[in-house]
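Remarks on the structure that follows.
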Amino acid sequence: MIVYEFKVKGKDKQYRAIDDAIRTSQFIQNKALRYWMDNRGISRYDLNKYCAVLADLFPFADELNSMARQSAAERAWSAIARFYDRCKKKVKGKKGFPKFKKNCRSVEYKTSGWQLSLTRKAITFSDKKGIGTLKLKGTYDLNYYNIEQIKRVRLVRRADGYYAQFAIAVNVRVETQPTNQVVGIDLGLKYFIADDKGNVEQSPQFYRQSEKQLNRANRKKSKKFSTAKKKAKQRQSINYHKARNRYARKHLKVSRQRKEYCKRIAYSVIQSNDLVAYEDLNVKGLVRNRHLAKSISDAGWSTFRAWLEYFGHKYEKVTVAVPPQNTSQNCASCGKKVKKSLSTRTHVCPHCGYTEDRDVNAAINILRLGLSTVGHTGTYAWGDLPSWAVGENLLSNGESVNQESQRLQT
């Protein structure tokens, strides 16, 4: 499954219709979640049937395409299924109980409710929301694929406009020649990545570079915010919404910079090696450290891992996630544990005298753990991919195929 994304061009009336469709999809998703809360033990099919009930009760819900309503209910069921799965696996901490959506930004159609033009440069939505025909602006060519291969069409609202995503069912596997190389990667803050051979890639810190501009835009936005209007539950001024949009677009630029950087580094690592071992970091837990949260979020470790696993699956390379415990503390030469603080950037072993950069020493340990798991051969790994990036693997019923890299069990 791959996702092609196009920017859509239309009139203001059409954009307002898209916003209406997004709000309706959010309404159905929240109603489906409430229905599950009031009737425990129901299945995904019961939520799909409940969409027809909502269409009879609410005229604005009936205006949305029937498959788009089902897709909204499937989003609710996806959150429910993840909650059940975590409960069965007895995951420590919070199990992720499903929450109601407040700011949904997309609506998803399945195989009906839309039609591509003959040139496939425009798309027409035929439900009663009044979206109509939208022009598609992008470099991808949909003429290479049959209409039957397009399983989903999403309309996404972002700070810089509206986009259409096409989820296409294709085989993304590409055969490549083996490089006979393996690598261990340590993710860090001083260096974005460091491998076992001593090669390092500097962290670009896109957020840090743009922080002054972001703060300035945020202050301008705050000056235009009226507390009196908020208390009176009135809409803020047009100038406030313009300032908020400018602020959001700056954040969107930083996010795109980070994603493209992670994508480029992951592609280079996969193309140069047959096996890649990396840390199975709990990023969600690490960002709880208030001293390092900003730097960790700016590094984009989760985005890098998602792209690394995707390219590993696409080019048939082995990716192995290993536990990060003591990879920085253990000596890569003698294996003895050498305790050191985060400020200590050089590993000096008092037992064998081995001296190396802290991150490079960790990368060697990571590679050794990865090789002890699968050797030089193994099954190809691929992760649950972000739908806005490389295409979430969607089944016909809307569920995602969640597969992760091999993980070394301890």
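Okay, so the sequence shown: first residue is 176 according to my numbering, each after it adds one. The beta carbon of each residue, even a glycine, is placed where N, CA and C say it ideally should be. Bear in mind that the values here come from a model prediction, so they are computed numbers and not experimental data.
For a quick check, are the C-beta atoms of residue i and residue j less than 7 Å apart?
| i | j | result |
| --- | --- | --- |
| PHE486 | TYR442 | yes |
| ALA207 | ALA248 | yes |
| TYR210 | TYR225 | yes |
| ILE306 | ILE193 | yes |
| ASN458 | TRP476 | Before going further, note that residue 458 is Val rather than Asn in the sequence given. Cβ distance < 7 Å, so VAL458 and TRP476 count as in contact. |
| VAL183 | ALA339 | yes |
| ASN414 | LYS398 | no |
| VAL357 | ASP370 | no |
| ALA537 | ARG424 | no |
| ILE445 | LYS492 | yes |
| CYS360 | PHE341 | What sits at residue 360 in the sequence shown is Ile, not Cys. No, the pair does not count as a contact, with Cβ atoms beyond the cut-off. |
| TRP289 | PHE272 | no |
| ASN205 | LYS276 | yes |
| LYS304 | GLU238 | yes |
| SER378 | ALA481 | no |
| TRP252 | ARG295 | no |
By DSSP, does residue i sit in helix, in strand, or in coil?
| i | result |
| --- | --- |
| LEU546 | helix |
| GLU454 | strand |
| PHE341 | strand |
| ARG244 | helix |
| LEU232 | helix |
| SER253 | helix |
| ILE325 | strand |
| SER292 | coil |
| SER281 | strand |
| ARG332 | strand |
| LYS276 | coil |
| HIS551 | Note that HIS551 scores 37 on pLDDT, short of 50, meaning its location in the model is unreliable; the coordinates nonetheless yield the value given after this. Residue state, collapsed to three classes: coil. |
| LEU239 | coil |
| GLN581 | Residue placement at GLN581 is flagged as unreliable, the pLDDT there being 41, under the threshold of 50; a coordinate-derived value is accordingly withheld. |
| ILE541 | helix |
| ASP194 | helix |
| ASP532 | strand |
| THR519 | coil |
| LYS184 | strand |
| VAL266 | coil |
| TRP563 | With a pLDDT of 31 at TRP563, under the threshold of 50, the predicted position of this residue should be treated as unreliable, though the coordinate-derived value follows. TRP563: coil per DSSP, three-state reduction. |
| TYR315 | coil |
| VAL178 | strand |
CA-CA distance, residue i and residue j?
| i | j | result |
| --- | --- | --- |
| GLY545 | LEU309 | 49 Å |
| PHE367 | ASP302 | 47 Å |
| LYS514 | VAL328 | 52 Å |
| LEU542 | SER430 | 30 Å |
| ALA418 | ASN390 | 12 Å |
| GLN201 | ARG280 | 9 Å |
| PRO499 | TYR319 | 43 Å |
| CYS509 | ARG533 | 15 Å |
| VAL282 | TYR453 | 35 Å |
| LYS434 | ASP231 | 43 Å |
| GLU323 | ALA344 | 9 Å |
| LEU456 | LEU450 | 18 Å |
| SER246 | ARG394 | 39 Å |
| HIS466 | SER287 | 49 Å |
| CYS527 | LYS512 | 11 Å |
| ARG250 | ARG198 | 14 Å |
| TYR490 | LYS263 | 33 Å |
| PHE479 | PRO353 | 22 Å |
| SER472 | PRO234 | 43 Å |
| CYS524 | ASN374 | 21 Å |
| ALA468 | LEU291 | 44 Å |
| SER503 | LYS365 | 14 Å |
| LYS408 | LYS438 | 43 Å |
| HIS416 | ASN278 | 16 Å |
| ARG421 | ALA392 | 7 Å |
| ALA243 | VAL178 | 18 Å |
| LEU517 | ASP260 | 35 Å |
| LEU362 | MET212 | 40 Å |
| LYS406 | SER412 | 14 Å |
| ASN321 | ARG348 | 19 Å |
| ASN448 | THR494 | 10 Å |
| SER385 | ARG410 | 30 Å |
| LYS269 | GLY216 | 21 Å |
| THR519 | LYS387 | 30 Å |
Could you give the C-beta distance for residue i and residue j, rounded to a whole number, given that I count them as a contact under 8 Å?
| i | j | result |
| --- | --- | --- |
| ILE203 | LEU229 | 6 Å |
| GLY336 | GLU180 | Their Cβ separation, rounded to whole angstroms, is 12 Å, which puts GLY336 and GLU180 out of contact at 8 Å. |
| ILE539 | ALA496 | At roughly 17 Å, the Cβ-Cβ gap does not stay under 8 Å, so ILE539 and ALA496 are not in contact. |
| ASN240 | TYR284 | 6 Å |
| ILE440 | GLU376 | 6 Å |
| LEU330 | ALA196 | 7 Å |
Is the Cβ of residue i closer than 7 Å to any Cβ of chain C?
| i | result |
| --- | --- |
| SER447 | The chain labelled as chain C is not found in the depicted structure, where only one protein chain is given. |
Report task. Go through the region 461-514 residue by residue and report every complete run of the beta strand (DSSP E) that reaches 3 residues or more, in order. Result -> 493-497
Write down every uninterrupted run of the alpha helix (DSSP H) in the region 351-430 whose length is 4 residues or greater and which is fully enclosed by it, in chain order. 381-398, 402-406
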